[in-house]
Amino acid sequence: AAVVKSKEQQRWTYIVHMAKSEMPASFEHHLHWYDSSLKSVSDSAEMIYTYDNVIHGFSTRLTAKQAQLLESQPGILSVLPELKYELH
Amino acid sequence: TTRTPQFLGLDKNPALLPESNSESDVIIGVLDTGVWPESKSFDDTGLGPIPSSWKGDCESGTNFTASNCNRKLIGARYFSKGYEGTLGPIDTSKESRSPRDDDGHGTHTSTTAAGSVVNDANLFDYAKGTARGMATRARVAAYKVCWLGGCFSSDILAAMEKAIEDNVNVISMSLGGGMSDYYRDSVAIGAFSAMEKGIFVSCSAGNAGPSSYSLSNQAPWITTVGAGTIDRDFPAYVSLGNGKNFSGVSLYKGNSLPGKLLPFVYAGNASNATNGNLCMIGTLIPQKVAGKIVLCDRGVNSRVQKGSVAKDAGALGMVLANTAANGEELVADAHLLPATAVGEKNGDIIKSYLFADPNPTVTILFEGTKVGIEPSPVVAAFSSRGPNSITQEILKPDVIAPGVNILAGWSENVGPTGLSIDDRRVGFNIISGTSMSCPHVSGLAALVKAEHQDWSPAAIRSALMTTAYTAYKNGQKLLDVSTGKPATPFDYGSGHVDPIAALDPGLVYDLTADDYLNFACALKYSAAQITSLAGRNFTCDASKTYSVTDLNYPSFSVVLAGTGSVGNGSTVPKYTRTVTNVGSPGTYKVSISSESPLVKIRVEPESLSFSANNEKKSYTVTFTTAGSLPSNSNSFARLEWTDGKHTVGSPIAFSWT
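From first to last, the protein sequence lines stand for chains A and B.
Count the first sequence with this note's numbering and you get residues 1 to 88, in order.
Count the second sequence with this note's numbering and you get residues 1001 to 1657, in order.
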C-alpha cells in the first residue's frame, strides 16, 4: 500500500498546451488563467516555464492523476509528458 | 572544420558566395550542450557590429559571464529548469549551470555551422589545416539544453521560444528522440513555430542506421540531415604475424608500440563474461590481456570505452572489429592506447587468424592523415534511414552532408574521447554522427539565406535538395557503406548537398505555414491537435478533400498496394507540384529515369516556360502501376527539370505496402 501510495504521489513534468482563444473573459491576463487552471488540480504545483511563441501553455510537475484531471479541464488542449531527447 | 569546406566546393569561386555583409547579418541558433567561448573559432576579428535585429542575451552562470560573448558568439543562454525539476539541482562540480559547454558536442556543432577561420587546426596533428565553419561570418547564438542527464523537452521548447524571440534566422538541432506524432513532439512543435516566423530549422536524422524506419525529426517543416563520409581518412594498419596487413583507421597519438610483433588475443577468450568480446567495463581478465594487443568487437558500449577497458586490463593495444551492424564503416577515435578500427570483413579474417594460430601476433602501423579518398561521399552506416515512420508519403531524410570524422571546435573541460579518465585537452576534436552533418547544413542554409534574404525556409531547403547530387563524377551512384552497394533515396534523400549549386537552384518548391496546416488536415488531426502543433487555431475545410501528397515537397514518396492488396494495377492519385522561378527567364524540360518498369510515370506538361522572376508554374505527375511487388518492396526513380543551366532534381521512392 505504501508503494502504491508513493507511486501515486510521484510527480512528473508535463507540458500543458492551452487553447488561448478559449480563455474566459474573467481573466485579465493569460498567465492568471494558466495559474488558475493549474491550481484547480494542485495547490502546490508551480509553473516551470510559460510558453508564448512555440505554444500557448506552460510546463509543470504533477502526479499522473493531476495531469489526467487537468487534461479534462476546459481550455486545455493537451497535457503531454516530458520526453527526453538525446544528442546524435 | 577542416577539409569539408573544400569537399563541398566552398573554397572555389568565392565570387559565387554571398557578400560578407549579408552573411554577417545571419544568426544561427544552436540548441546543444552549450559553448566553449574561448575556442579560436569564436574569434570575432573583422566582424562588424552585432545585427540590429538581434534581441538576445549572453547569460551568466558557472564560469560564464556576459563578457564571454563577442561579435561572433553573440548570444548564450541555458535552460535547466526542466532538467533540474526531474533530476534535482545541478551539481556544479560536475557540470556548469551556465551556457558553458562541459561536453564538447555543442562547441563542435556551433563551430561547424559558423566558426571563424582558424589556421593550423588539428587534433594531435591529424586532419591538420585551416578550420572554418560553413558560414564563417554568420553569428552564433548558443542555447544550452542538453546536460549530463540528457535533453528534456520542456527545456528544448523553452530554448526554441527564446531563439524565436531573439530573432535567430537558422536553428540547428543535433538531437532527437522517439518517433511521436508531430503534435506530441516538442522539436516538431517548436520547429513549426520557427518556420512560421521564417526561421530555417535543420535537425539531425539520427544514428540508428542502417535499419529502415529509423529516422528522427521527420516533420516536413524540418530539414532532416543524414550523414556521409568525406575524402579523408586516418589509416592505421593491422599487421599480423602471418605477414598479412589489413587497413583500419585511428586517431591515436602517444607512446608507440614496441617495434615488433606482440602477442594477440581475442577479448572473448580473455574474459569469463558471455559478452567478453565487447570489452565492457570489468570483463577482461588482466592475466590474459596484459602485454598483448586485444581484439574487441564493436557494439553496446562506446568505442573509446573499449580502449579504456583494454588499457586498464594491461593491454598494450587494441584492434576494434566491426560486426554486421556497422559493416565496413570505419569511424576513427582518439583512443587512450594504440588502437585501430577495422571493418567487418577484415575483422572476420583477423579473427580467423586469431583462432587458427596457436601463437598469434600483431602490431599496428599508424599512417596519419590521407586525403583524396575515393569513393566519397558514401552514406554512413549509422545514418538513420527512411521510410518515414510517421508519414510515409513524405520522403526523409532530405539530404546528407559530411558527418564522419569531422574536425571542429571542442570544450577544454573534457578530453577528446569524452571519458572522465581522459585528461588530455584539445582545442579541436574529430567525431562522427548526424550531429555533425546537421550543422553543416545549418551553415550552408545561412549562406543561402544571406544570398536570398527573402526566401522562406522551404525555398532554402528546396534549393539544398534539388541541387543535391546522387552520383559520383564518374556517373556511378553514391554508395552505402553498410552494404557496399548503391544507396537509395531512403538513405540519402535528395542526395549530398552541393552548396554552390544551391545558391542558384533555378526553381524552388515553396511552402507556407498554411500549406503545412493543410497537410495536418490531411493527416486527420483534430482541431485541438492542430492548435497544439501550430500554437494557433486553424479550421480544416469540411468540404475539401485533403491529401498528404498535395504538400509541395521537393521529393516524392509514393505508397503503392503490394501483391494481394486492393489497388493492384491501378493509377494512384496525381501529384501536383508548383515550382517558382528564382533564376532568369527560360524554359525547363522534364526528364524521368526509373529503375522500375512496373510504374509508368507521366509528367504534364513536359515543359515549363518562365518569363519573369518569382513566376509560378504547376505540373502534375501521374504514377500508373502495371503490376505490383510484394509488400515492403521498394523501387526508385528520379525526376529532373532542366533549362540547360540548372538541374532541378527530385527523387521518387516507391513503397509497396
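Backbone N, C-alpha and C fix where the C-beta goes; we use that ideal spot for every residue, glycine too.
Between residue i and residue j, is the Cβ-Cβ spacing less than 9 Å?
{"i": "Leu1419 (chain B)", "j": "Leu1337 (chain B)", "result": "no"}
{"i": "Ala1135 (chain B)", "j": "Leu1629 (chain B)", "result": "no"}
{"i": "His1440 (chain B)", "j": "Ala1113 (chain B)", "result": "yes"}
{"i": "Gly1493 (chain B)", "j": "Asp1643 (chain B)", "result": "no"}
{"i": "Gly1133 (chain B)", "j": "Asn1169 (chain B)", "result": "no"}
{"i": "Asp1103 (chain B)", "j": "Cys1058 (chain B)", "result": "no"}
{"i": "Phe1366 (chain B)", "j": "Ser1271 (chain B)", "result": "no"}
{"i": "Pro1099 (chain B)", "j": "Ala1142 (chain B)", "result": "yes"}
{"i": "Thr1620 (chain B)", "j": "Tyr1575 (chain B)", "result": "yes"}
{"i": "Val1362 (chain B)", "j": "Val1238 (chain B)", "result": "yes"}
{"i": "Thr1274 (chain B)", "j": "Val1404 (chain B)", "result": "no"}
{"i": "Thr1002 (chain B)", "j": "Asn1167 (chain B)", "result": "no"}
{"i": "Thr1109 (chain B)", "j": "Ser1039 (chain B)", "result": "no"}
{"i": "Val1558 (chain B)", "j": "Phe1490 (chain B)", "result": "no"}
{"i": "Gly1443 (chain B)", "j": "Asn1429 (chain B)", "result": "no"}
{"i": "Ser1204 (chain B)", "j": "Leu1157 (chain B)", "result": "no"}
{"i": "Gly1190 (chain B)", "j": "Glu1161 (chain B)", "result": "yes"}
{"i": "Asp1044 (chain B)", "j": "Asn1070 (chain B)", "result": "yes"}
{"i": "Ser1383 (chain B)", "j": "Gly1583 (chain B)", "result": "no"}
{"i": "Ala1321 (chain B)", "j": "Leu1295 (chain B)", "result": "yes"}
{"i": "Phe1192 (chain B)", "j": "Leu1533 (chain B)", "result": "yes"}
{"i": "Val1379 (chain B)", "j": "Val1481 (chain B)", "result": "yes"}
{"i": "Leu1507 (chain B)", "j": "Pro1375 (chain B)", "result": "no"}
List, in order along the chain, the chain B residues whose C-beta lies closer than 7 Å to that of residue i?
{"i": "Tyr34 (chain A)", "result": "Within 7 Å Cβ-Cβ: nothing; Tyr34 (chain A) doesn't reach chain B, min ~14 Å."}
{"i": "Leu77 (chain A)", "result": "Ala1528, Thr1531 and Ser1532"}
Residues of chain A with a CB under 8 Å from the CB of residue i: which are they?
{"i": "Phe1152 (chain B)", "result": "Thr13, Glu82, Leu83, Lys84 and Tyr85"}
{"i": "Thr1434 (chain B)", "result": "His88"}
{"i": "Ile1164 (chain B)", "result": "Asn53 and Val54"}
{"i": "Ser1193 (chain B)", "result": "Asn53, Val54 and Ile55"}
{"i": "Gly1718 (chain B)", "result": "Because residue 1718 (chain B) is not part of the residues shown, which for chain B are 1001 to 1657, the question remains open."}
{"i": "Asn1207 (chain B)", "result": "His88"}
When we look at the beta-carbon of residue i and count the other beta-carbons within 10 Å, is it buried (16 or more) or exposed?
{"i": "Glu1604 (chain B)", "result": "exposed"}
{"i": "Phe1355 (chain B)", "result": "exposed"}
{"i": "Arg1385 (chain B)", "result": "buried"}
{"i": "Gln1305 (chain B)", "result": "buried"}
{"i": "Gln9 (chain A)", "result": "exposed"}
{"i": "Ala1542 (chain B)", "result": "exposed"}
{"i": "Gly1009 (chain B)", "result": "exposed"}
{"i": "Glu46 (chain A)", "result": "exposed"}
{"i": "Lys1544 (chain B)", "result": "exposed"}
{"i": "Gly1696 (chain B)", "result": "The structure shown has nothing for residue 1696 (chain B), since chain B only spans 1001 to 1657."}
{"i": "His29 (chain A)", "result": "exposed"}
{"i": "Glu1606 (chain B)", "result": "exposed"}
{"i": "Pro1416 (chain B)", "result": "buried"}
{"i": "Ser1462 (chain B)", "result": "buried"}
{"i": "Thr1092 (chain B)", "result": "exposed"}
{"i": "Ala1401 (chain B)", "result": "buried"}
{"i": "Asn1632 (chain B)", "result": "exposed"}
{"i": "Asn1255 (chain B)", "result": "exposed"}
{"i": "Glu1019 (chain B)", "result": "exposed"}
Find the residues of chain A that neighbour residue i, judging by a C-beta separation of less than 7 Å, and give them in chain order.
{"i": "Thr1622 (chain B)", "result": "Those do not exist, as Thr1622 (chain B) stays about 38 Å from chain A at its closest Cβ, beyond 7 Å."}
{"i": "Gly1085 (chain B)", "result": "Thr13, Ile48 and Arg61"}
Using the beta-carbon of each residue, which ones in chain B are nearer than 8 Å to residue i?
{"i": "Ala25 (chain A)", "result": "The premise fails here: Ala25 (chain A) is roughly 17 Å from chain B at the closest Cβ pair, so nothing lies under 8 Å."}
{"i": "His30 (chain A)", "result": "Within 8 Å Cβ-Cβ: nothing; His30 (chain A) doesn't reach chain B, min ~13 Å."}
Could you tell me which chain B residues have their CB closer than 9 Å to the CB of residue i, listed as they occur along the chain?
{"i": "Ser21 (chain A)", "result": "Thr1531, Arg1536 and Asn1537"}
Anything in chain A within Cβ reach of residue i, meaning under 9 Å, just list it in chain order.
{"i": "Ser1204 (chain B)", "result": "Leu87 and His88"}
{"i": "Lys1306 (chain B)", "result": "Simply none; closest approach about 20 Å."}
Cβ of residue i versus every heavy atom of the ligand NAD: is any distance shorter than 8 Å?
{"i": "Leu1608 (chain B)", "result": "The ligand NAD is absent from the structure shown, which contains no ligand whatsoever."}
Interfacial residues, the segment 1522–1545 of chain B to chain A, with Cβ spacing under 8 Å: Ala1528, Gln1529, Thr1531, Ser1532, Gly1535 and Asn1537
Selection of the segment 1127–1161 of chain B by Cβ proximity to chain A, strictly under 9 Å: Val1145, Cys1146, Gly1149, Gly1150, Cys1151, Phe1152, Ser1153, Ser1154, Asp1155, Ile1156, Leu1157, Ala1158, Met1160 and Glu1161
Residues from the segment 41–58 of chain A in contact with chain B, defined by Cβ distance under 8 Å: Ile48, Tyr49, Tyr51, Asp52, Asn53, Val54, Ile55 and His56
Interface residues of the segment 1413–1444 of chain B facing chain A [CB-CB below 7 Å]: Gly1433, Thr1434 and Ser1435
Entirely enclosed beta strand (DSSP E) segments - the segment 1198–1256 of chain B, minimum 3 residues: 1200–1204, 1223–1228 and 1236–1240
Uninterrupted alpha helix (DSSP H) stretches inside the segment 1244–1328 of chain B (no shorter than 4 residues): 1286–1289 and 1303–1312
3-residue-minimum beta strand (DSSP E) runs that sit fully inside the segment 1517–1563 of chain B, ordered along the chain: 1556–1560
Beta strand (DSSP E) runs contained entirely in the segment 1362–1415 of chain B, provided each spans 3 or more residues: 1399–1402 and 1406–1409
Length at least 3, wholly inside the segment 1007–1083 of chain B: the beta strand (DSSP E) runs in chain order: 1027–1032 and 1073–1078
Contact set between the segment 1093–1119 of chain B and chain A, restricted to residues whose Cβ is under 7 Å from the partner: His1105
Runs of beta strand (DSSP E) lying entirely within the segment 1140–1193 of chain B, each at least 3 residues, in chain order: 1150–1152 and 1170–1173
Contact residues within the segment 1373–1402 of chain B, judged by C-beta distance below 7 Å to chain A: none
Selection of the segment 1164–1191 of chain B by Cβ proximity to chain A, strictly under 8 Å: Ile1164, Glu1165, Ser1174, Leu1175, Gly1176, Gly1177, Gly1178, Ser1180, Tyr1183, Arg1184, Asp1185, Ser1186, Val1187, Ile1189 and Gly1190
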